[in-house]
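Protein chains in written order, with the working numbering: chain A, 1 to 125; chain D, 1001 to 1125.
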DNA sequence: GGGCATAGGGATAAATTTGTCCCTATCTGA
DNA sequence: TCAGATAGGGACAAATTTATCCCTATGCCC
């Protein structure tokens, strides 16, 4: 496992929430679990751009940070279900606010984002 | 300048907002500009853990994404002031929600975050 | 002049995150 | 028996982000 060489900043609320939500797929994972997709294979199908490996890693971190719980059913084939903890549920409105802002401004965001992606080779000196 | 090799996902609002806010210092920059620290040197003093270089890069991206504007005063020594655009102002409540959640749960977050940092060498098998 | 503050950029290195590949294990169904 | 679904981990590579170092330029102050 990777071991940090630089300590994180934990000065303010923004630093703290960043430590637990910052991760390419974490917010999506929380959201999908929230709306009822609780099994790893389901989540992987919902987020096909993420590799299984990374989803597992990020799920583990969410679990370590007490935002979700992992319940293992002693059956074969294995069955695992993730659920939001009470603590995890409290962060859902914040994620919803993020998503709403993104949706509301979809067109504009798409424009400014794609503009940067499409002409990186033209210097603007 | 770094050129992406993998296209970003722009499927939903969460992807879109991620493209413009994802960056170690971006949220902090927006916040500090919001509360009145508008000059680069001021921002650098407010965020001493970030290198000047990276703050400049991230400010440039925020500007490209139309969240802030950069006003240059033709004086010597140089003077530059960043301001939120109208668009940028609309994201402030979302950032505030993030910060509030972090502040409200400060103690718990600090606990779970530090727990992971402090015993990475003890296997849990 | 020398040093500091202002603002910023290029080249490159380091840190961190994310992805790929391959392996384990069990039961079901063809 | 062999393939596929289930869940997951180790080793390693690639991508991406962030930091470091050094450079430019001007005016002020001592």
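Positions of the beta carbon are idealized from the N, C-alpha and C atoms, including for glycine.
If you're wondering where the values come from, they're calculated on a predicted model, not measured in any experiment.
Looking only at its chain, what residues have a beta carbon closer than 8 Å to the beta carbon of residue i, apart from the 5 residues adjacent to it on each side?
i, result
"residue 1023/D", "1058 and 1061"
"residue 55/A", "25, 29, 40, 43, 44 and 47"
"residue 10/A", "16 and 19"
"residue 125/A", "Note that residue 125/A scores 27 on pLDDT, short of 50, meaning its location in the model is unreliable; the coordinates nonetheless yield the value given after this. Closer than 8 Å at Cβ, skipping near neighbours: no residue."
In chain order, what residues of the same chain have a beta carbon less than 6 Å from the beta carbon of residue i, not counting five sequence neighbours either side?
i, result
"residue 1052/D", "1044"
"residue 79/A", "73"
"residue 118/A", "none"
"residue 1069/D", "1083 and 1085"
"residue 50/A", "25"
"residue 71/A", "81"
"residue 1122/D", "Interpretation of residue 1122/D is limited by its pLDDT of 39, a score under 50 that renders its predicted location unreliable; the figure taken from the coordinates is listed afterwards. No residues qualify anywhere along the chain."
Taking the straight line between their C-alpha atoms, what separation do you get for residue i and residue j?
i, j, result
"residue 108/A", "residue 1077/D", "36 Å"
"residue 1/A", "residue 1116/D", "12 Å"
"residue 98/A", "residue 1021/D", "10 Å"
"residue 1112/D", "residue 1025/D", "22 Å"
"residue 1067/D", "residue 87/A", "31 Å"
"residue 84/A", "residue 1081/D", "43 Å"
"residue 1008/D", "residue 1089/D", "25 Å"
"residue 1095/D", "residue 1075/D", "33 Å"
"residue 17/A", "residue 1101/D", "7 Å"
"residue 91/A", "residue 1104/D", "11 Å"
"residue 1003/D", "residue 1064/D", "15 Å"
"residue 1110/D", "residue 1006/D", "34 Å"
"residue 1120/D", "residue 1027/D", "Caution applies to residue 1120/D, whose pLDDT of 45 falls short of 50 and renders its modelled position unreliable; the value that the coordinates give is listed next. Spanning the two alpha carbons is a distance of roughly 28 Å."
"residue 1093/D", "residue 1013/D", "16 Å"
"residue 1106/D", "residue 106/A", "32 Å"
Taking 7 Å as the line, does the beta carbon of residue i fall inside it for any heavy atom of the ligand SAH?
i, result
"residue 1010/D", "You won't find the ligand SAH in this model; it holds no ligand whatsoever."
Residues in the same chain with beta-carbon distance under 7 Å from residue i, minus the five sequence neighbours each way, listed in chain order, please.
i, result
"residue 31/A", "95"
"residue 114/A", "none"
Open item on the list: Quick check for students: name the residue ranges of the alpha helix (DSSP H) that lie wholly in the segment 1007-1061 of chain D, counting only runs of 4 or more.
Closed with: 1013-1021, 1026-1034 and 1040-1046
Open item on the list: Along the segment 15-27 of chain A, where does the CB come closer than 9 Å to a CB of chain D? Name the residues.
Closed with: Listed by position, the residues of the segment 15-27 of chain A near chain D (Cβ gap below 9 Å) are 15, 16, 17, 18, 19, 20, 21, 22, 24 and 27.
- [ ] Can you give me, in chain order, the residues of the segment 1026-1050 of chain D that have a beta carbon less than 8 Å from any beta carbon in chain A?
- [x] 1027, 1028, 1031 and 1049
- [ ] Evaluate the contact criterion for the segment 33-50 of chain A versus the segment 1026-1042 of chain D: three or more CB pairs, one atom per stretch, below 8 Å.
- [x] no
TODO: Output, in sequence order along the chain, the residues in the segment 1072-1093 of chain D whose CB is closer than 8 Å to any CB in chain A.
DONE: Within the segment 1072-1093 of chain D, the residues whose Cβ lies closer than 8 Å to some Cβ of chain A are 1087, 1090, 1091 and 1093, listed in chain order.
Task: the segment 55-68 of chain A: positions lying closer than 7 Å to chain D by Cβ - done: 64, 65 and 66
Open item on the list: So if I threshold CB-CB distances at 8 Å, which residues from the segment 1099-1113 of chain D count as touching chain A?
Closed with: Contacts with chain A (Cβ-Cβ distance below 8 Å) from the segment 1099-1113 of chain D involve 1099, 1100, 1101, 1102, 1103, 1104, 1105, 1106, 1108, 1109, 1110, 1112 and 1113, listed in chain order.
Task: Entirely enclosed alpha helix (DSSP H) segments - the segment 1051-1120 of chain D, minimum 4 residues - done: 1052-1064, 1086-1104 and 1106-1118
- [ ] Select from the segment 1001-1013 of chain D all residues with a C-beta closer than 8 Å to any C-beta belonging to chain A, and list them in chain order.
- [x] For chain A, the residues of the segment 1001-1013 of chain D that bring a beta carbon within less than 8 Å of one of its beta carbons are 1001, 1003, 1004, 1007, 1008, 1009, 1010, 1012 and 1013, in chain order.
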